[in-house]
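Numbering (my numbering), first residue to last: 1359 to 1623.
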């Protein structure tokens, strides 16, 4: 009679793949295999900014125009940071490019005497671009006002222009004028003494008599000779995109100017 017995032959134990770990009571089988991590590469501290190369398309062919750097560079070709802002310093060529780009933006978003109804926030809420209603002014006019009020300069002040703006704002507040001094897009002015914006017009707009009183105080203090208030686009909070195509800003990276001889020095 044939008797079936269990085979006592043992198969060849399987060898774990290379680089794997044998499972232990603390290491489940599903997590036994580990992948090798890629080799670590050292981080670059700061990239060297070479001269700018602009790609200009002409028909089916494209040419590359070599331009000077828009930033000031040291002897090793690295950007020089501004001690006050921490941003790279613009070169002479960079400042002219910046002025041209600002001009292009101002052409698309000029100051207006009346607010475009589509820019009211009730249509898009907080995402709506910001425009300010007020009197335009420049840094020179604010500094002249500060001198006329006999304010003493603070020794070692790293930003006297900003201090002068704060003093003007505080003075107007003391005259019961609820205003802000904002950076704006304009070919003529750097700032606007804004009575309100399109975002808070409902809450802050004054009746005609009170608004005229505020304007007379601003005109008299800065010697602006009844400069008419306008709607100005905010330089910081408006962005480059808008729901209306006519207010969209073009690609500013493609905007440049012709270099001059001293730009290569």
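Cβ atoms here follow ideal geometry from the backbone N, Cα and C, with glycine treated the same way.
Tell me the rounded alpha-carbon separation between residue i and residue j.
i: residue 1582; j: residue 1434; result: 48 Å
i: residue 1579; j: residue 1544; result: 22 Å
i: residue 1594; j: residue 1490; result: 12 Å
i: residue 1552; j: residue 1426; result: 38 Å
i: residue 1461; j: residue 1565; result: 35 Å
i: residue 1469; j: residue 1591; result: 7 Å
i: residue 1446; j: residue 1531; result: 35 Å
i: residue 1613; j: residue 1456; result: 9 Å
i: residue 1559; j: residue 1617; result: 44 Å
i: residue 1444; j: residue 1431; result: 15 Å
i: residue 1563; j: residue 1492; result: 11 Å
i: residue 1622; j: residue 1458; result: 19 Å
i: residue 1512; j: residue 1449; result: 29 Å
i: residue 1534; j: residue 1596; result: 28 Å
In chain order, what residues of the same chain lie with their CB nearer than 7 Å to the CB of residue i, ignoring the 5 residues before and after it?
i: residue 1584; result: 1577
i: residue 1547; result: 1494, 1495, 1496
i: residue 1477; result: 1486, 1487, 1489, 1556
Classify residue i as helix, strand or coil using the three-state DSSP reduction.
i: residue 1612; result: helix
i: residue 1605; result: helix
i: residue 1438; result: coil
i: residue 1499; result: helix
i: residue 1494; result: strand
i: residue 1568; result: helix
i: residue 1560; result: helix
Could you tell me if residue i is buried or exposed, where buried requires 16 or more neighbouring beta carbons within 10 angstroms of its beta carbon?
i: residue 1611; result: exposed
i: residue 1588; result: buried
i: residue 1488; result: buried
i: residue 1428; result: buried
i: residue 1438; result: exposed
Output needed for residue i: all residues of its chain with C-beta closer than 6 Å, excluding positions within five of it in sequence on either side, in chain order.
i: residue 1464; result: 1543, 1545
i: residue 1453; result: none
(message) With a threshold of 8 Å, are at least 3 pairs of Cβ atoms found where one atom belongs to the segment 1524-1541 and the other to the segment 1465-1473?
(response) no
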